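Residue numbers (the working numbering): 477 to 617.
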């Protein structure tokens with residue numbers, strides 16, 4: 477697509493936006509070791525790149541290289557599409573045979589009612605359950 481332009485900076489990333497004419501947004505992920513804690517950290521950068529023939533689609537892995545300023549935000553251009561991504565799949569018609577229909581949702585199974593559970597006897601109420609077995613404290617008159 478483009479002729480070799482010397483030793484320019486090249487990056488590889490994933491196309492996250494391709495709505496504008498001849499412009500794509502590429503997300504480049506870089507990994508580095510945190511200077512103080514030593515943990516590997518991942519950072520994402522979104523770069524606007526020039527796509528002359530609109531060949532890149534969302535989800536594609538692409539290679540971009542630095543170039544002269546092409547607009548206010550574009551300083552990179554598309555070199556090649558490394559790998560095609562899944563892209564956006566649009567359903568055009570209802571009768572389309574290539575799209576299988578989803579199975580109808582089924583109602584949950586109704587469980588049989590469980591045997592009725594009686595309350596357990598507690599020492600405060602006794603076997604009758606009314607508390608009559610225990611003498612209540614009556615106020616002295």
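Note that beta-carbon positions come from the ideal geometry of N, C-alpha and C, so glycine has one too. Treat the numbers as computed from the prediction; the structure is a model and nothing was measured.
query: Which residues DSSP lists as bridging residue 559, in chain order; result: 537
query: Sequence-distant residues of its chain with Cβ nearer than 6 angstroms to residue 489 (five each side left out); result: 502, 503 and 504
query: Neighbourhood of residue 559 by C-beta, 8 angstroms cutoff - its chain only, sequence neighbours within 5 removed; result: 536 and 537
query: Residue from 506, 494, 487 and 508 with nearest C-alpha to residue 528; result: 494
query: Rounded distance between the beta-carbons of residue 542 and residue 485, thought under 8 angstroms; result: 4 angstroms
query: Residue 526 versus residue 557: straight-line alpha-carbon distance, rounded; result: 13 angstroms
query: For residue 518 and residue 507, believed in contact at Cβ under 8 angstroms, the rounded distance; result: 5 angstroms
query: Where residue 544 falls, given that 16 or more other Cβ within 10 Å makes a residue buried; result: exposed
query: Candidates 562, 540 and 561: closest to residue 553 by CA position; result: 540
query: Residue 555 burial status per 10 Å Cβ neighbour count (16 or more: buried); result: buried
query: According to DSSP, residues forming a beta bridge with residue 530; result: Answer is none; residue 530 lacks a bridge partner.
query: For residue 483, the three-state DSSP class (helix, strand or coil); result: coil
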